[in-house]
Amino acid sequence: MARGFMKKRGKMWYAVFPWQGKKKWVPLARSQRASEPLFAKIMDEVHAGTWKPASKMTFEELADKWLESKKLRVKGSTLYGYKNIVRHLKDHFGPWPVAQIDGDDIEDYIRIKADDGVLGNKTIGYHLGTIKSIFKSAVPKHIKENPADGITRPRAAEIEIEYLSPSELTILLETCLEKFPDRYLFVFTDASTGLRWGEITELRWKDFKPDHSHIRISRGVWEGDPQDSPKSEKSKRNVLIPESLCDLLLQLRSLVNGQDEDLIFPSAAGTHIHHSNFYRDFWNDLIEAAGVTPITFHGLRHTYATVMLSSGASILFVSKQLGHRDIQATLKYYGHVLPEDAQAYVKIFEQTILGSNMVESRLVNA
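According to the working numbering, the sequence shown is numbered sequentially starting from 24.
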């Protein structure tokens, strides 16, 4: 019967025992106390003849394989998020053998991210969810059990949304009209509808319904990768638009001879606008020139919702305009229920933000 013992090397404890004529070193844990039950389990398996050497696969290799498996299963925006998370994980765990990563190592990662203060608890929770999924894909071929099981997500902080006040939004639009006229209609459209990035950049002329004063949302796009559906089924919707926006879009369609399948807001190359290029080449400059509260482009969506609600729109109407899955999702971000009157509040928004001097239905020539 093979006899083994425990030995510490560096910061790690190992099980040492004879295996196929050689001395085998198997990593256990960093503490002696945590290593003892692992050692006992390994020796029981060795004596029973069921023990097998652990996989030599590294975390980096496993993460890349996991990402590859997701390409045909998730939307482009989801895959983009996974890639960002995996980049963080590979920076930390990269060359480590998967079989040597334990719960303590994962807890260390969570603690380091929390102490950095760069990522919020909600985002760190996404990281942990990804870690669990990656390790789950390795069971039982490369590891016997998931080391992330039992680790709980950090408690998420209260949601804080970024948005502009009505006066700041007016300044932003006026600045855009003056300094970046070629981008004005794109910004005005989002400020008047609260569309998500993937929705507004995938808008085509067939989605514009001037006779009914609405835009039809039925698809999405992320980083140039069109999606057959937007974020969720509830995201498929008709979004009511102000009369002034309707007139400007009609003028633009006539000017560019827009066909049904053409993008309403294409890039200079005629393709989808790229998110990172948009920030680098325009958005950051606009925010600086306007001198308003720094917000992301998504902040226009929050601004639209808060202005509509403060103008008297009901939470139900705003929820439908935004394409939320239910009213609770809207309440989570924007609060209490207010009186309801659909088209009237679209007009209120237009008058509150634009004022009489900017509601002229004219298209600025770039």
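Positions of the beta carbon are idealized from the N, C-alpha and C atoms, including for glycine.
Since the structure is predicted, the reported quantities are computational estimates derived from the model, not experimental observations.
Burial state of residue i (16 or more Cβ within 10 Å)
i      : result
Arg219 : buried
Leu278 : exposed
Leu263 : buried
Ser92  : exposed
Glu183 : exposed
Gly293 : exposed
Arg260 : buried
Gly44  : exposed
Val97  : exposed
Thr81  : buried
Pro265 : buried
Gly243 : buried
DSSP-derived helix/strand/coil call for residue i
i      : result
Phe209 : helix
Arg260 : strand
Val341 : helix
Ala365 : The pLDDT assigned to Ala365 is 49, lower than 50, so where the model puts this residue is not dependable; a value taken from the coordinates is nonetheless given after this. Three-state DSSP puts Ala365 in a helix.
His237 : strand
Trp228 : helix
Gly322 : helix
Gly221 : helix
Ala291 : coil
Pro118 : coil
Phe203 : coil
Val244 : strand
Arg348 : coil
Arg110 : helix
Ala38  : strand
Arg303 : helix
Arg276 : helix
Chain-order list of residues whose beta-carbon lies under 7 Å from that of residue i (same chain, five-residue window excluded)
i      : result
Glu5   : No statement about residue 5 is possible, as the shown extent of the chain runs from 24 to 389 and does not include it.
Tyr132 : His115
Glu68  : Trp74
Gln55  : Trp36
Ile147 : Ile133, Lys136, Ala137, Pro177
Leu102 : Lys93, Lys94
Phe62  : Met29, Ala38, Leu51
Residues near residue i by beta carbon distance below 6 Å, same chain, minus five either side
i      : result
Lys30  : Tyr37, Val39
Gln123 : Pro50
Gly322 : Glu185, Tyr186
Leu142 : Lys136
Residue i at chain D interface by Cβ criterion, 7 Å
i      : result
Val279 : The chain labelled as chain D is not found in the depicted structure, where only one protein chain is given.
heavy atom of the ligand PLP below 6 Å from residue i C-beta
i      : result
Arg260 : Absent from the structure shown: the ligand PLP. Ligands present: none.
Spatial neighbours of residue i in its chain, beta-carbon cut-off 8 Å, leaving aside the 5 residues before and after
i      : result
Arg227 : Asp283, Glu284, Asp285, Leu286, Ile287
Please go through the stretch 42-108 and give each complete alpha helix (DSSP H) segment of 4 or more residues, from N-terminal end onward. 55-71, 82-93
Starting from the N-terminal side, write out each stretch of the alpha helix (DSSP H) that is 4 residues or longer and does not extend beyond the stretch 127-188. Annotation: the stretch 127-188 contains the following complete segments of the alpha helix (DSSP H) (minimum length 4 residues), in chain order: 144-159.
Are three or more beta carbon pairs between the stretch 306-318 and the stretch 180-199 nearer than 8 Å? Three or more beta-carbon pairs separated by less than 8 Å link the stretch 306-318 to the stretch 180-199, which places the two stretches in contact.
Cβ pair count under 8 Å reaching 3, the stretch 203-222 against the stretch 326-337: Three or more pairs of CB atoms, one per stretch, sit closer than 8 Å, so the stretch 203-222 contacts the stretch 326-337.
The stretch 202-209 contacting the stretch 292-311, beta-carbon criterion three pairs below 8 Å: Contact check between the stretch 202-209 and the stretch 292-311: three or more CB pairs, one atom from each, fall below 8 Å, which counts as touching.
Inter-stretch contact (C-beta, 8 Å, three-pair minimum) for the stretch 235-242 and the stretch 149-168: As far as the Cβ criterion goes, the stretch 235-242 does not touch the stretch 149-168, which means the pair count is below three.
Report yes or no: do three or more beta-carbon pairs, one from the stretch 151-162 and one from the stretch 330-338, lie closer than 8 Å? No, the stretch 151-162 does not touch the stretch 330-338.
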